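Residue numbering for the sequence shown follows my numbering, beginning at 21 and increasing consecutively.
Virtual Cβ for every residue (Gly too), placed ideally from N, Cα, C.
The model shown is predicted, which means the values in this text are computed figures rather than measured ones.
The block underneath contains the structure these notes are about, expressed in C-alpha cells.
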Amino acid sequence: MKHTQQSGAKVYNPFTLSLYDWWVLNISNKYAWKCPTDTRLLPFFLHHMGETHLDIGVGTGYYLKHAPATHAISLMDLNPDSLKIAASRVGNTKIRATLQHDVFDTFPADWHGRFDSVSMYYLLHCLPGEMTTKAKAIKNAGMALKPGGTLFGATILGKEVPHNAFGKKLMAVYNKKGIFSNTNDSADTLRSVL
Numbered sequence: 021m022k023h024t025q026q027s028g029a030k031v032y033n034p035f036t037l038s039l040y041d042w043w044v045l046n047i048s049n050k051y052a053w054k055c056p057t058d059t060r061l062l063p064f065f066l067h068h069m070g071e072t073h074l075d076i077g078v079g080t081g082y083y084l085k086h087a088p089a090t091h092a093i094s095l096m097d098l099n100p101d102s103l104k105i106a107a108s109r110v111g112n113t114k115i116r117a118t119l120q121h122d123v124f125d126t127f128p129a130d131w132h133g134r135f136d137s138v139s140m141y142y143l144l145h146c147l148p149g150e151m152t153t154k155a156k157a158i159k160n161a162g163m164a165l166k167p168g169g170t171l172f173g174a175t176i177l178g179k180e181v182p183h184n185a186f187g188k189k190l191m192a193v194y195n196k197k198g199i200f201s202n203t204n205d206s207a208d209t210l211r212s213v214l
C-alpha cells in the first residue's frame with residue numbers, strides 16, 4: 021500500500037477518536053509500547069511545554085487538557101475531526117489558534133518564530149516515507165519556535181527496537197493499513213535528522 025500524508029490522518033474520525041484514549045493512550049501505550057501515558061508520556065509533555073505552545077498532530081487533546089490555564093495553545097493537524105475534538109476538549113480559554121495544515125508544507129509566515137515549544141506526539145510514525153523524508157516535517161516544526169524554544173515529541177520506532185508480540189502485531193497491522201509508516205524508523209535515523 022502506498023502511504024500518503026492522508027493515510028495516517030484519515031483513520032481518525034469521530035468514532036475512532038472516541039476510542040483513542042482508551043485504545044492508544046491506555047492499552048497500546050501500556051502493553052504494546054511499554055511506555056505508559058500517565059507515568060512517562062504526560063510528565064514528559066508537561067515538563068517540556070512552554071507558555072506559548074503549538075501541538076502538531078493533536079489526537080484528542082488529551083495531553084493539552086492537563087496544561088496550566090496560563091498557557092496559550094495552538095493546534096495544527098491535517099485532520100479536521102481531530103482539530104475539532106481536541107479544541108473542544110481543551111477549551112476556548114486555552115486555545116489561541118487552530119490550523120488545518122499538512123506538516124510537510126511550509127507553515128504560514130505568522131506561525132514562524134511564534135512558540136516557546138512545539139510538540140509532535142505520535143506523529144512521525146504516522147507520516148509517510150523514510151526518516152529523511154520526515155525531516156521536512158521536523159524542519160517545518162522547528163521554524164515555528166522562538167529562539168531558544170523546544171521541539172519535543174514521542175514516536176514509535178520500527179527498527180532495532182525489541183517490541184513484544186503485541187507491539188509487533190500492531191506494527192504489522194498498522195503499517196499494512198497505512199496508519200503507520202515506521203518500518204525503517206530507528207533511533208539512529210531519527211537522530212540523523214534532528
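**Report entry** Closest residue to THR152 among TYR40, ASP208 and TRP43 (Cα-Cα distance)
**Finding:** Just measuring C-alpha positions, the residue of TYR40, ASP208 and TRP43 sitting nearest THR152 is ASP208.
Query raised in the report: When the Cβ atoms of the stretch 48-64 are set against those of the stretch 120-127, are three or more pairs found closer than 8 Å?
Result: With the cut-off at 8 Å, the stretch 48-64 and the stretch 120-127 do not touch.
Query raised in the report: If you draw a straight line from the alpha carbon of VAL31 to that of MET191, how long is it in whole angstroms?
Result: Rounded to the nearest whole angstrom, the C-alpha separation of VAL31 and MET191 is 15 Å.
Query raised in the report: Is the beta carbon of VAL78 less than 7 Å from the beta carbon of ALA106?
Result: In this structure, ALA106 lies closer than 7 Å to VAL78 by Cβ.
Report task. Kindly indicate which residue of SER201, THR90, LEU177 and ILE76 has the alpha-carbon position closest to the one of GLY70. Result -> Looking at the Cα atoms, THR90 is the closest of the given residues.
**Report entry** Length of the line joining the Cα atoms of ARG134 and ALA185
**Finding:** Straight-line Cα distance between these residues: approximately 42 Å.
**Report entry** Terminal residues of the alpha helix (DSSP H) in which LEU62 lies
**Finding:** For LEU62, the enclosing alpha helix (DSSP H) begins and ends at 62-68.
Query raised in the report: Does the beta carbon of ASP125 fall short of 6 Å from some heavy atom of the ligand MN?
Result: The model depicted lacks the ligand MN and carries no ligand whatsoever.
Query raised in the report: How close, in whole Å, do the beta carbons of LEU74 and SER94 come, if the pair is a contact with beta carbons under 8 Å?
Result: Their Cβ separation, rounded to whole angstroms, is 5 Å, which keeps LEU74 and SER94 in contact under 8 Å.
Report task. Can you check the stretch 100-176 for any beta strand (DSSP E) of at least 3 residues that lies completely inside it and give the ranges in chain order? Result -> Unbroken beta strand (DSSP E) stretches of 3 residues or longer found wholly inside the stretch 100-176: 115-120, 135-141 and 165-174, given in chain order.
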